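In full-length UniProt numbering, the protein residues as written are 1 to 593.
In this text, a Cβ means the ideal position worked out from N, Cα and C, and glycines have one as well.
Quick caveat, the model's predicted, so the values are computed rather than measured.
This report refers to the structure that appears directly beneath it.
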């Protein structure tokens, strides 16, 4: 029923049916009222005419019995009569049927008819009397009592009565006619409704289905215009709307793809916020940045923004003005620009652009540290060169041996300055990413052993025992730049020998750790304090001046070694205990055979 009512055809059909039913109901009530009144008036008129006829017959013929025979032919089939004489109170039936005696007694005993014998007035009344056609059944009758002259001095009364069953049959026939009309109206209404469905609602249903297809994104949907009336014009307008929607959606998608491509290709992080301070849109660098902040805070949910950005966002949304700041957040430096987003005259959000300045800050710090360190490192040899040169110029040395000693110091300091400049250039080249590796697959054991044994004479001269040991397979290979790795080994073994006292031990050990070769250079030297271990790979490391002064070091070897190992995809670290020795360990990826 709900489905029928929700359709245009159903509503139209039910409305017409209700309208026709209401009209037929009113017409039926009025017809029944009309026929009832009409029939009552007709019966009354007929009974009066028949009573007058009977009186006229009695007056014309005079003889009672002859008059009865004539009256039987005059009365209709539906009309009966009882003639009562006065004063004998005898009565006669015309068209007598069943229950005649009982009916006659009921009529004659009716008090309303007694005055007819006395006043000669006509009385008509509706009465419930025994049926003349069926036993033990009562029927409604209309009875007319009219005075009658039966002789010169004798009077009587004729009681003419007629069953109201005729009226009931008339009402029944009227009701049947109304029901037949209702049935015909139902058929015609149904046919008319489905005719409208074909001509009107069918195109509307097609447009409804087309609208659903448009809502699903199928903008190629077309509706056939079957007529040139308003419905046909509506179908044409619907097709035009579909084409316009398709065009606008394509334009929007192109702009969205273009904007997405721009945001994706941007190196800076871009985050768009709603008015309620929730994140609406972010590009991949921003998503990566948000994840990093969450991981650093150890949170899976909650506000991913640092408090500094929260304050900037609130300021932009509250005061509707752009902000540019450079902040340090979560250990990194960012140049942040917050701009408000408008929808008409009202602000609907904000957009933040974050440019990571950490690398610039690091390079700036490196530059400053580099200048400071180089100035510091060059100050001593330059001062020594200048001092001894002035001494030679001023003939300070009194003997040839003293002058030769001064000349030797000048030569050694100049060599030290040369090594320092060379190391600085190499380190700058490595850190700028311009270092080129000439990789080749080599057998790791033989290469590292050769690099170690090269220092055997130096170790003997210093009274230090130099050992090599390998616990990996002989066929283990690695893809590396042999010259660069030799530079690392030379630096580590040379440092170990220089900082190990006579009688000490330096050992090179090769082990396997998962897919890497673990190479460690261990010495039994003085060691490095724990608080200085994190700085040993920085430039000009001077945790202990005794480890460098007078030993020819520049303070850049470990920094260079760290860059070389990192370029090979490895990792270098240091372990030390003061008074027991130091171990420098680096990992190199093994070649899968």
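Worksheet item: How would you label residue 311, buried or exposed, when you count the other beta carbons within 10 angstroms and need 16 or more for buried?
Response: Counting Cβ neighbours within 10 Å, residue 311 comes out exposed, since fewer than 16 surround it.
Item to complete: Let me know the beta strand (DSSP E) ranges lying completely inside the region 242-308, each 3 residues or longer, listed in chain order.
Response: 269-274, 279-282
Worksheet item: Is the distance from the Cβ of residue 340 to the Cβ of residue 364 below 8 Å?
Response: no
Worksheet entry | Three-state class that DSSP yields for residue 476 in the structure shown | coil
Worksheet item: Residue range of the alpha helix (DSSP H) that residue 453 falls in?
Response: 444-453
Discussion item. Just verifying my parser: in three-state terms, what is the DSSP assignment at residue 386?
Written reply: helix
Practice prompt. Could you tell me the distance, in whole angstroms, from the CA atom of residue 580 to the CA atom of residue 491?
Written response: Approximately 20 Å, taken between the alpha carbons.
Worksheet item: For residue 79, does the three-state DSSP call read helix, strand or coil?
Response: strand
Discussion item. If you reduce the DSSP assignment to three classes, tell me which class residue 84 lands in.
Written reply: strand
Worksheet item: Among 413, 375, 322, which residue has its Cα nearest to the Cα of residue 389?
Response: 413
Worksheet item: Quick one: is residue 484 buried, meaning 16 or more other Cβ sit within 10 Å of its Cβ, or exposed?
Response: Buried: at least 16 other Cβ atoms inside 10 Å.
Practice prompt. Note down the Cα distance separating residue 188 from residue 51, rounded to an integer number of angstroms.
Written response: 50 Å
Practice prompt. Would you list the one or two residues that DSSP bridges to residue 351?
Written response: 272, 339
Worksheet item: Quick one, are the C-beta atoms of residue 533 and residue 574 less than 8 Å apart?
Response: yes
Fill in: Cut-off 8 Å between Cβ atoms - residues of its own chain near residue 590, not counting five sequence neighbours on either side
Taken in chain order, the residues that qualify are 444, 476, 477, 478, 512, 515, 516, 517.
Item to complete: Taking only the alpha-carbon atoms, compute the straight-line gap between residue 520 and residue 305 and give it to the nearest angstrom.
Response: 43 Å
Discussion item. Using 8 Å as the cut-off, can you tell me whether the region 242-253 makes contact with the region 270-280, which would need three or more C-beta pairs spanning the two stretches below that distance?
Written reply: no
Worksheet entry | Among 561, 567, 223, nearest to residue 438 - alpha-carbon criterion | 567
Discussion item. What would DSSP say about residue 356, mapped onto helix, strand or coil?
Written reply: strand
Worksheet item: Leaving out the 5 sequence neighbours to the left and right, which residues in its chain are closer than 7 Å to residue 325 when beta-carbon positions are compared?
Response: 312, 336
Discussion item. Using CA atoms only, rank isn't needed, just tell me which of 375, 510, 525, 468 is closest to residue 495.
Written reply: 525
Worksheet item: First and last residue of the beta strand (DSSP E) that includes residue 582?
Response: 581-589
Worksheet item: Could you check where the beta strand (DSSP E) with residue 561 kicks off and where it finishes?
Response: Premise fails: residue 561 lies in the alpha helix (DSSP H), 557-567, not in any beta strand (DSSP E).
Worksheet item: Between the beta-carbon of residue 82 and the beta-carbon of residue 56, is there less than 8 Å?
Response: no
Item to complete: Answer with buried or exposed for residue 400, where buried requires no fewer than 16 other C-beta atoms within 10 angstroms of its C-beta.
Response: exposed
Worksheet item: Which one of 156, 322, 493, 229 has the shortest CA to CA distance from residue 458?
Response: It is 493.
Practice prompt. To the nearest angstrom, report how far apart residue 87 and residue 125 are at their CA atoms.
Written response: Residue confidence is low: residue 87 scores 45 on pLDDT, short of 50, so the model does not pin down where it sits. Its coordinate-derived value is still stated next. In a straight line, the C-alpha of residue 87 is about 23 Å away from that of residue 125.
Worksheet item: Given residue 406, which residues of its chain have a CB within under 7 Å of its CB, disregarding the five upstream and five downstream residues?
Response: 388, 391, 392, 397
Worksheet item: Does the Cβ of residue 467 have 16 or more other Cβ atoms within 10 Å, making it buried, or fewer, making it exposed?
Response: exposed
Worksheet item: Which residues mark the beginning and the end of the beta strand (DSSP E) in which residue 470 is found?
Response: 465-470
Worksheet item: Three-state secondary structure (DSSP) at residue 391?
Response: helix
Discussion item. Measuring straight from C-alpha to C-alpha, what distance separates residue 24 and residue 182?
Written reply: 7 Å
Item to complete: Work out the CA separation of residue 317 and residue 348 for me, nearest whole Å.
Response: Those two C-alpha atoms are separated by around 8 Å.
Discussion item. Taking 8 Å as the cut-off, does the region 11-26 touch the region 129-136 (at least 3 CB pairs, one atom from each stretch)?
Written reply: no
Worksheet item: Nearest to residue 144 by alpha carbon, out of 195, 43, 210?
Response: 43
Worksheet item: residue 48 and residue 161: beta carbons closer than 8 Å?
Response: no
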